[in-house]
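**Q**
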Amino acid sequence: MSEVTLVVNGRKVSGAVEDRTLLVHFLRENLNLTGTHVGCDTSQCGACVVHVDGKAVKSCTMLAVQASGSTVTTIEGLANGADLHPVQAAFKENHGLQCGFCTPGMIMTATDMIRRHPDGLDEATVRAELEGNICRCTGYHNIVKAILAASKTMSKASKSKANKAA
Ligand code: FES
Ligand code: FES
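Residue numbers (this note's numbering): 19 to 184.
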């Protein structure tokens with residue numbers, strides 16, 4: 019057993035885990051953060067994506083002990099109180115989900131994608147970058163639409179913030 023300490027959704031947490039415990043299991047079973055899903059055992063589906071130190075990571079590919087000392091954000095930590103994160107709002111507005119199983123991973127991947135492309139995204143880039151996330155329901159079209167819409171909203175918001183600061 020090893021002791022792990024990390025900051026999850028702004029809260030410092032620690033716990034004793036077996037060395038083989040995956041981050042996704044630590045989040046779901048020790049912290050009860052069940053919004054992060056497990057959809058495969060081959061690291062292909064992306065349902066388990068969270069942010070580790072700000073970057074999208076498949077939490078089934080990382081041991082909890084490897085994440086010790088990191089800052090982790092899960093889908094539960096994305097909204098600002100009752101206000102949905104712009105990516106969550108865009109998925110809602112553009113019907114980017116059906117059963118919702120893949121949605122937490124899609125949204126965490128999309129948020130990181132938008133952060134890495136602050137000047138905006140095009141459809142081909144979104145489709146290429148979604149390669150690691152599988153949806154079994156939607157046909158992807160509305161997911162891509164939602165990500166493009168969120169990217170527009172977020173780049174507009176950051177430009178107006180920058181203009182105000184100038
Ligand atoms: S559960 Fe992690 S990629 Fe499928
Ligand atoms: S919405 Fe059902 S798997 Fe994507």
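Using N, Cα and C, we set each Cβ at its ideal position, and we do this for glycine too.
If I measure Cβ to Cβ from Pro136 and keep anything under 7 Å in the same chain, skipping five residues before and after, which residues do I get?
**A** Answer for Pro136: Ser173 and Ser176, listed in chain order.
**Q** Check whether the region 156-173 and the region 99-116 are in contact - that is, three or more C-beta pairs closer than 8 Å.
**A** Touching, per the Cβ criterion.
**Q** Starting from Val67, follow the beta strand (DSSP E) in both directions and report where the run begins and ends.
**A** Residues Val67 to Val70.
**Q** Out of curiosity, what's the CA-to-CA distance linking Val25 and Asp37?
**A** If I take the Cα positions, the gap works out to 19 Å.
**Q** Using 7 Å as the cut-off, classify the Cβ of Gly118 as near or not near the heavy atoms of ligand 2, replying yes or no.
**A** Yes, the beta carbon of Gly118 sits closer than 7 Å to at least one heavy atom of ligand 2.
**Q** Which same chain residues end up closer than 6 Å to Cys117 when comparing Cβ atoms and leaving out the 5 residues on each side of it in sequence?
**A** Around Cys117: Cys155.
**Q** Taking only three categories from DSSP, how would you classify Val35?
**A** Strand at Val35.
**Q** May I ask which residues mark the beginning and end of the beta strand (DSSP E) holding Ala183?
**A** It is not in any beta strand (DSSP E) - Ala183 instead sits in the alpha helix (DSSP H) that spans His159 to Ala183.
**Q** For Gly150, which of Asp140, Met126 and Ala168 has the nearest alpha-carbon?
**A** Of Asp140, Met126 and Ala168, the residue nearest in Cα terms is Met126.
**Q** Quick test of your reading: Gly123 and Val75, contact by CB under 8 Å. State the CB separation rounded to the nearest angstrom.
**A** Going by Cβ atoms, the distance from Gly123 to Val75 rounds to 11 Å, so no, they are not a contact pair.
**Q** Quick check: the region 75-89 against the region 39-50, are there 3 or more CB pairs under 8 Å?
**A** The answer is yes - the region 39-50 touches the region 75-89, with three or more Cβ pairs under 8 Å.
**Q** With a threshold of 7 Å on Cβ separation, who are the neighbours of Val56 within its own chain once the five nearest residues in sequence on each side are excluded?
**A** Cβ neighbours of Val56 beyond the five flanking positions: Val42, Ala65, Cys66 and Cys78.
**Q** Short check: CB of Ala34 to CB of Glu21, under 8 Å?
**A** Taking 8 Å as the Cβ cut-off, Ala34 and Glu21 qualify as a contacting pair.
**Q** Give the range of the beta strand (DSSP E) segment to which Glu21 is assigned.
**A** Unbroken beta strand (DSSP E) run through Glu21: Ser20 to Val26.
**Q** Assign Val90 to one of three DSSP states: helix, strand, or coil.
**A** It is a strand residue.
**Q** Could you tell me the alpha carbon to alpha carbon distance between Gly28 and Asp140, rounded to whole angstroms?
**A** Each residue's Cα considered, the two are about 32 Å apart.
**Q** From the DSSP output, read off the bridge partner residues of Lys73.
**A** According to DSSP, which records beta bridges pairwise, Lys73 is partnered with Val70.
**Q** Between Gln62, Phe119 and Thr92, which has its C-alpha nearest Asp130's C-alpha?
**A** Closest by alpha carbon: Thr92.
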